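*Asks:* Which chain is which? The protein sequence lines are A, B, C and D, in order. Quick note on our numbering: the first sequence kicks off at 162 and runs consecutively. Quick note on our numbering: the second sequence kicks off at 162 and runs consecutively. Quick note on our numbering: the third sequence kicks off at 162 and runs consecutively. Quick note on our numbering: the fourth sequence kicks off at 162 and runs consecutively. Beta carbons are placed, not taken as given, at the ideal position from N, Cα and C, and that holds for glycine. Keep in mind the model is a prediction, meaning the values are calculated, not measured. Take a look at this one; I'll ask things after.
Number of protein chains: 4
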Amino acid sequence: MTTGIRVTIWNEGVHERESEEVARVYPETLGGQLAKAVEGKTGIASVRCVELDDEGQGLTDAILDTTDVMLWWGHIAHARVTDENAERVQQRVLDGMGLVAFHSAHKSKPFRALMGTSGNLRWREWKGVGEKERLWVVDPAHPIAEGLPEYIELPHAEMYGEHFDIPQPDQQVFISWFQGGEILRSGCCWHRGQGKVFYFRPGHETFPIYYSEAIQRVILNATRWAAPTRGAHSPTRGNVPPLEDMG
Amino acid sequence: MTTGIRVTIWNEGVHERESEEVARVYPETLGGQLAKAVEGKTGIASVRCVELDDEGQGLTDAILDTTDVMLWWGHIAHARVTDENAERVQQRVLDGMGLVAFHSAHKSKPFRALMGTSGNLRWREWKGVGEKERLWVVDPAHPIAEGLPEYIELPHAEMYGEHFDIPQPDQQVFISWFQGGEILRSGCCWHRGQGKVFYFRPGHETFPIYYSEAIQRVILNATRWAAPTRGAHSPTRGNVPPLEDMG
Amino acid sequence: MTTGIRVTIWNEGVHERESEEVARVYPETLGGQLAKAVEGKTGIASVRCVELDDEGQGLTDAILDTTDVMLWWGHIAHARVTDENAERVQQRVLDGMGLVAFHSAHKSKPFRALMGTSGNLRWREWKGVGEKERLWVVDPAHPIAEGLPEYIELPHAEMYGEHFDIPQPDQQVFISWFQGGEILRSGCCWHRGQGKVFYFRPGHETFPIYYSEAIQRVILNATRWAAPTRGAHSPTRGNVPPLEDMG
Amino acid sequence: MTTGIRVTIWNEGVHERESEEVARVYPETLGGQLAKAVEGKTGIASVRCVELDDEGQGLTDAILDTTDVMLWWGHIAHARVTDENAERVQQRVLDGMGLVAFHSAHKSKPFRALMGTSGNLRWREWKGVGEKERLWVVDPAHPIAEGLPEYIELPHAEMYGEHFDIPQPDQQVFISWFQGGEILRSGCCWHRGQGKVFYFRPGHETFPIYYSEAIQRVILNATRWAAPTRGAHSPTRGNVPPLEDMG
């Protein structure tokens, strides 16, 4: 159906440089580890990592023009992404680009702009070790559940809990259980314009979550799901003549 | 369940002053005519009309603090609403205020911010007389369909057609048929945060649509539906201790 | 909007007679305790309890003709409800009657027929004392969340866990956390035909859950939400002439 | 992601034998023409046509065991499909098989059982020539819209109009405009259990609709979309021990 998905991984890239602990967990950066989930897999044409400190914040037209699906990891530098760049990403999604937003990206500018809500939630990073999270598949018919067990267990995770201020998902794939007593809608699908958005909760920078085989499978599935649908042409907008004889 | 809904009708108020034709159709302004749909009805505590040229663009804290549901009619002056005021309206909806957006409000700043999409669509105002529109009830169980016939027929309407760039509605109440060959998702419900949003297509300024009894019934039903849900308290956000013993 | 909701509580009524333990927890029967949540409340016109062993299984035309919302509690005798009666309840919902299905009613004939799925799930009744359940409000804008805290905690509950084989809810109001590690979509809304269906998980017969003030509030809210929407007339079906001049 | 979709086309096969007119329009049967949309296409492993008069009504275990996606065309002989066979098809969908239901299949037993509603609607076959239908793409991001124009125009179609008694679609892909003044939700997606269901309105037996290139594209897209998602194993049901230490 496609000649292959061109993936761009946008990684904030700040924690890895400022924290030895994060650099130890993700020596190839968070973006580099996300890349391993998709590189060389069936249906994936190319994988590229960009960062906030790259030219044009890694969001130039040259990059966006050659991106089918963008994976987004950001946390402490959301505010540094310019409003113009956030709007460009939003517009690209409306034009068909897929966006897979991870973890703290619930507060990133492009995700919030696409949702229209605050993205606020409860959270907790328990004593540096986190707590157990169990992601339950609640829609086993969904392509993002392909090849997965009934649930994915993460022994050490930051907690994100409800109420999570997002629009009701078009499709709910995962809901998380947390040891401390909370739950979260943790795998959520939306269409926006001609594009698709998937939010996936896991991925705190100090826990080796992106090494999990099941999590890698979700990342691959979500990337495939988010691939652009190519219509014969884009929808017509604006003032149009009638299609029927108006007498 | 409530002690009565305090309704604020926000009307742009430009057409009525600049166009004799509009002033003839809506001598008491578009806002004034919308008010007639809700004034004195069961469950409605108060109705107030404000306009763009009022102090603070009619969107001061004093007004928003005493508004349960806001009805919004705007068209040619969307850009004059300040970004700050649009954000304030958006935030109020997330905090529980209902928003009923009419007709051209699909391109208003608060509606677009809450949707995250462009709101773009096809449109046509046929030779000054418009064309026939028939709004079909596709969800007869929905409270906004209370007391309505199977469809509402408008002999003279501006056409708005698909693709309409909005998120998939949480609930779809009306879909419109147009004489010229198009259709539109014309009555759409969403929850956003603690608040509710209803988009209702009819209402071109040169057609006497808001005098229709059936349309007035929809306006009343939508206002009641959009009334705030009052939880025992607002959702907790931010860093929280665990609810369970973490050992 | 209505002259008051006529509530019929359909209670299987078997456990209370066969088990002293259940009779001790619910001396006035489960139906009788459900009734306390709605009796005498604003908007409720009447409340009546019927049981499986009543004439016509409590589902005669005389009863259904005078029911706006039916609350359904059943567990061990689902199979005794005749197929004809289950179909009658299904048809009444399609015609506008509200249905609030509690707990084990996920496997009742009318609920399954309305859903089209098996209703299967994981479950556990832990050592006779159950386990902690915490129902999180994930849609604070929904009328069924009116007056509720952020979550409802039940110290002793039977566990029902995902995957729960139901259609994706039109609106998701509650999601439950369980002590043993599972989650469940535990408060779910659907429209079916001209009627509404709410599934609410809590209510095991050996735990005094229906005495909880918060649970009683949910029952009342759900009953109000499920009240019929009265259109000006029912939708037309079958062969119809064109509405437009076909030349 | 799959080794290829095994398609079974279930065609009632009555009209073609009883009506010369239908046999002239579909000399290779309706099933045979549907097959042309998928045969030999990328991702399709095999295509097989079965009919009501085949052994076991074309719904034997041997057939169902080797079917990934079933296309269903039926009209005047819905009642002849046995309840047992309808339940088998329903169960297969819950177990993962895709179902694409065409045109009059809105009243077929398996579709109705999966929906839980009557499937009733308004209809009209205008003077043997039908009327114009225009199917608008309202979700251009959906994979079923791949390669399509903004709308598909059918010069001669039977009319099916709202209110259409179906559950709110999980995803709405097409909405139809009809010359006679009606609209219909004409391309509708649902997940049911581990399976997917797509309803697609076009396909009256006396009009050569399935020869349309755009319609053929929809059939192919829908077949691909409905392909089973294969989890690592099926969801666990029934009584389960806790996943957490219960003290």
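In the DSSP assignment, find the beta strand (DSSP E) that holds Ala234 (chain C) and state where it starts and stops.
*Replies:* One-based indexing of the third sequence puts residue 234 (chain C) at position 73. Per the sequence shown, the amino acid found at residue 234 (chain C) is Trp instead of Ala. Where Trp234 (chain C) is concerned, the enclosing beta strand (DSSP E) stretches over 230-234.
*Asks:* Would you mind sorting Asn400 (chain C) into buried or exposed? The rule is 16 or more other CB atoms within 10 Å of its CB.
*Replies:* Here residue 400 (chain C) corresponds to residue number 239 of the third sequence, with the count starting at 1. With fewer than 16 Cβ atoms within 10 Å of its Cβ, Asn400 (chain C) is classed as exposed.
*Asks:* Report the three-state DSSP secondary structure of Gln333 (chain D) (helix, strand or coil).
*Replies:* As a first step, residue 333 (chain D) is located in the fourth sequence; it is residue number 172 there, counting from the start. Gln333 (chain D): strand per DSSP, three-state reduction.
*Asks:* Quick test of your reading: Met231 (chain A) and Gly193 (chain A), contact by CB under 8 Å. State the CB separation rounded to the nearest angstrom.
*Replies:* If you number the first sequence from 1, residue 231 (chain A) lands on position 70. If you number the first sequence from 1, residue 193 (chain A) lands on position 32. The pair is not a contact, with the Cβ atoms about 16 Å apart (cut-off 8 Å).
*Asks:* Is Leu309 (chain D) close to chain A? Criterion is C-beta to C-beta, closer than 8 Å.
*Replies:* As a position in the fourth sequence, residue 309 (chain D) is number 148, starting the count at 1. Chain A contact via Cβ: present.
*Asks:* Per DSSP, which residues does Ala117 (chain C) bridge with? Please list them.
*Replies:* A query on residue 117 (chain C) cannot be resolved here, the shown segment of chain C reaching from 162 to 408 and no further.
*Asks:* In whole angstroms, give me the CA-to-CA distance for Val199 (chain D) and Gly289 (chain D).
*Replies:* For the purposes of this step, residue 199 (chain D) is taken as the residue at position 38 of the fourth sequence. For the purposes of this step, residue 289 (chain D) is taken as the residue at position 128 of the fourth sequence. Going by the C-alpha atoms only, they are around 29 Å apart.
*Asks:* Is there a C-beta anywhere in chain D that falls below 8 Å from the one on Val298 (chain B)?
*Replies:* Counting from one through the second sequence, the residue named residue 298 (chain B) turns up at place 137. Yes, Val298 (chain B) counts as interfacial toward chain D.
*Asks:* Between Gly201 (chain B) and chain C, is the shortest Cβ-Cβ distance under 8 Å, so that the two count as touching?
*Replies:* One-based indexing of the second sequence puts residue 201 (chain B) at position 40. Cβ-Cβ to chain C under 8 Å: no for Gly201 (chain B).
*Asks:* I'd like to know whether the C-beta of Met162 (chain D) is nearer than 8 Å to at least one C-beta of chain A.
*Replies:* Here residue 162 (chain D) is taken as the residue at index 1 of the fourth sequence, counted from 1. Note that Met162 (chain D) scores a pLDDT of 44, beneath 50, so its modelled location is shaky and nothing firm can be said.
*Asks:* Return the first residue and the last residue of the beta strand (DSSP E) that His176 (chain D) is part of.
*Replies:* Locating residue 176 (chain D) in the fourth sequence gives position 15, counting from the first residue. Per DSSP, His176 (chain D) belongs to no beta strand (DSSP E); it is in the alpha helix (DSSP H), 176-179.
*Asks:* Beta carbons nearer than 8 Å to chain D: which residues of the stretch 360-385 of chain B have them?
*Replies:* Answer set for the stretch 360-385 of chain B: empty.
*Asks:* For His352 (chain B), decide whether its Cβ has a neighbour in chain A, counting only Cβ atoms nearer than 8 Å.
*Replies:* Along the second sequence, read from residue 1 onward, the residue named residue 352 (chain B) stands at position 191. Judged by the 8 Å Cβ criterion, His352 (chain B) is in contact with chain A.
*Asks:* Taking DSSP as the reference, what is the three-state secondary structure of His267 (chain B)?
*Replies:* Residue numbering aside, residue 267 (chain B) sits at position 106 when the second sequence is read from its first letter. Here His267 (chain B) sits in helix by DSSP.
*Asks:* Once DSSP output is grouped into helix, strand and coil, what is the label at Lys202 (chain C)?
*Replies:* Along the third sequence, one-based indexing puts residue 202 (chain C) at 41. Coil at Lys202 (chain C), not helix or strand.
*Asks:* Ends of the beta strand (DSSP E) at Asn281 (chain D)?
*Replies:* The count along the fourth sequence starts at 1 and reaches residue 281 (chain D) at position 120. Per DSSP, Asn281 (chain D) belongs to no beta strand (DSSP E) and is neither H nor E.
*Asks:* Do you know how far the Cα of His324 (chain C) is from the Cα of Pro396 (chain D)?
*Replies:* Here residue 396 (chain D) is taken as the residue at index 235 of the fourth sequence, counted from 1. Here residue 324 (chain C) is taken as the residue at index 163 of the third sequence, counted from 1. The straight-line gap from Cα to Cα measures roughly 6 Å.
*Asks:* Contact defined as beta carbons within less than 8 Å: I believe Pro330 (chain A) pairs with Thr278 (chain A). What is the distance between those atoms, to the nearest angstrom?
*Replies:* The residue you call residue 330 (chain A) lines up with position 169 of the first sequence. The residue you call residue 278 (chain A) lines up with position 117 of the first sequence. No, Pro330 (chain A) and Thr278 (chain A) are not in contact; Cβ-Cβ is about 12 Å, not under 8 Å.
*Asks:* State yes or no: is the beta carbon of Asp331 (chain C) nearer than 8 Å to at least one beta carbon in chain B?
*Replies:* Numbered from 1 along the third sequence, position 170 holds the residue referred to as residue 331 (chain C). For Asp331 (chain C), the answer is yes, since a Cβ of chain B falls inside 8 Å of its Cβ.
*Asks:* Under the assumption that His236 (chain D) contacts His176 (chain D) (Cβ atoms under 8 Å), give the Cβ distance between them as a whole number of angstroms.
*Replies:* By one-based count along the fourth sequence, residue 236 (chain D) stands at place 75. By one-based count along the fourth sequence, residue 176 (chain D) stands at place 15. Sure, about 7 Å apart at Cβ, within 8 Å.
*Asks:* Is the Cβ of Glu245 (chain A) closer than 8 Å to any Cβ of chain B?
*Replies:* Numbered from 1 along the first sequence, position 84 holds the residue referred to as residue 245 (chain A). So no, Glu245 (chain A) is outside the interface.
*Asks:* Output yes if chain D places a C-beta closer than 8 Å to the C-beta of Pro301 (chain A); else output no.
*Replies:* By one-based count along the first sequence, residue 301 (chain A) stands at place 140. Chain D contact via Cβ: present.
*Asks:* If we call anything under 8 Å between Cβ atoms a contact, is Val211 (chain A) one with Leu275 (chain A)?
*Replies:* As a working mapping, residue 211 (chain A) is identified with position 50 in the first sequence. As a working mapping, residue 275 (chain A) is identified with position 114 in the first sequence. Contact flag unset, no.
*Asks:* Please work out which residues of its chain come closer than 6 Å, Cβ to Cβ, to Trp297 (chain B), disregarding the five sequence neighbours upstream and downstream, and give them in chain order.
*Replies:* As a position in the second sequence, residue 297 (chain B) is number 136, starting the count at 1. So the qualifying residues of the chain are Tyr312, Ile336.
*Asks:* Which residues in the same chain as Asp300 (chain D) place their Cβ atom closer than 7 Å to its Cβ, once the five residues preceding and following it in sequence are excluded?
*Replies:* Residue mapping note: residue 300 (chain D) aligns to position 139 of the fourth sequence, counting from 1. Hits under 7 Å: Ala306, Gln332, Gln333, Val334.
*Asks:* Strictly below 8 Å CB to CB, what residues from chain B border Ile484 (chain D)?
*Replies:* Chain D is shown from 162 up to 408; residue 484 (chain D) falls before or after that span and cannot be answered.
*Asks:* Mind pulling the chain B residues with CB within less than 7 Å of Arg295 (chain D)?
*Replies:* The count along the fourth sequence starts at 1 and reaches residue 295 (chain D) at position 134. The answer, in chain order, is Gly342.
*Asks:* For Thr190 (chain C), does the count of other Cβ atoms within 10 angstroms reach 16, so buried, or fall short, so exposed?
*Replies:* The count along the third sequence starts at 1 and reaches residue 190 (chain C) at position 29. That one is buried.
*Asks:* Measure from the alpha carbon of Trp386 (chain D) to the alpha carbon of each residue in A:Pro304, A:Gly308, A:Asn382, A:Leu255, then state which is nearest.
*Replies:* For the purposes of this step, residue 386 (chain D) is identified with residue 225 of the fourth sequence, where counting begins at 1. Trp386 (chain D) has its Cα closest to that of A:Pro304, out of A:Pro304, A:Gly308, A:Asn382, A:Leu255.
*Asks:* Going by C-alpha distance, which of A:Trp284, A:Pro310, A:Ser347, A:Thr228 is nearest Gly356 (chain A)?
*Replies:* Here residue 356 (chain A) is taken as the residue at index 195 of the first sequence, counted from 1. That would be A:Thr228, whose Cα lies nearest to the Cα of Gly356 (chain A).
*Asks:* If you run the structure through DSSP and keep just helix, strand and coil, what is Gly192 (chain D)?
*Replies:* Indexing the fourth sequence from 1 puts residue 192 (chain D) at position 31. If DSSP states are grouped into helix, strand and coil, Gly192 (chain D) belongs with the helices.
*Asks:* How about the stretch 242-251 of chain B and the stretch 213-227 of chain B: do they share at least three Cβ pairs that are nearer than 8 Å?
*Replies:* Segments in contact, yes.
*Asks:* Could you check the C-alpha separation between Ile224 (chain D) and Trp171 (chain D) for me, to the nearest Å?
*Replies:* In the fourth sequence, the residue the question calls residue 224 (chain D) occupies position 63. In the fourth sequence, the residue the question calls residue 171 (chain D) occupies position 10. Going from the Cα of Ile224 (chain D) to the Cα of Trp171 (chain D) covers about 11 Å.
*Asks:* Which of helix, strand or coil does DSSP assign to Ala262 (chain C)?
*Replies:* For this step, residue 262 (chain C) is matched to residue 101 along the third sequence. Here Ala262 (chain C) sits in strand by DSSP.
*Asks:* Does the Cβ of Tyr372 (chain A) have 16 or more other Cβ atoms within 10 Å, making it buried, or fewer, making it exposed?
*Replies:* Residue 372 (chain A) sits at position 211 when you count from the first residue of the first sequence. That one is exposed.
*Asks:* Does the CB of Lys394 (chain D) have a neighbour CB from chain A at under 8 Å?
*Replies:* If you number the fourth sequence from 1, residue 394 (chain D) lands on position 233. Position check: residue 394 (chain D) holds His in this sequence, whereas Lys was assumed. Yes, its Cβ sits closer than 8 Å to a Cβ of chain A.
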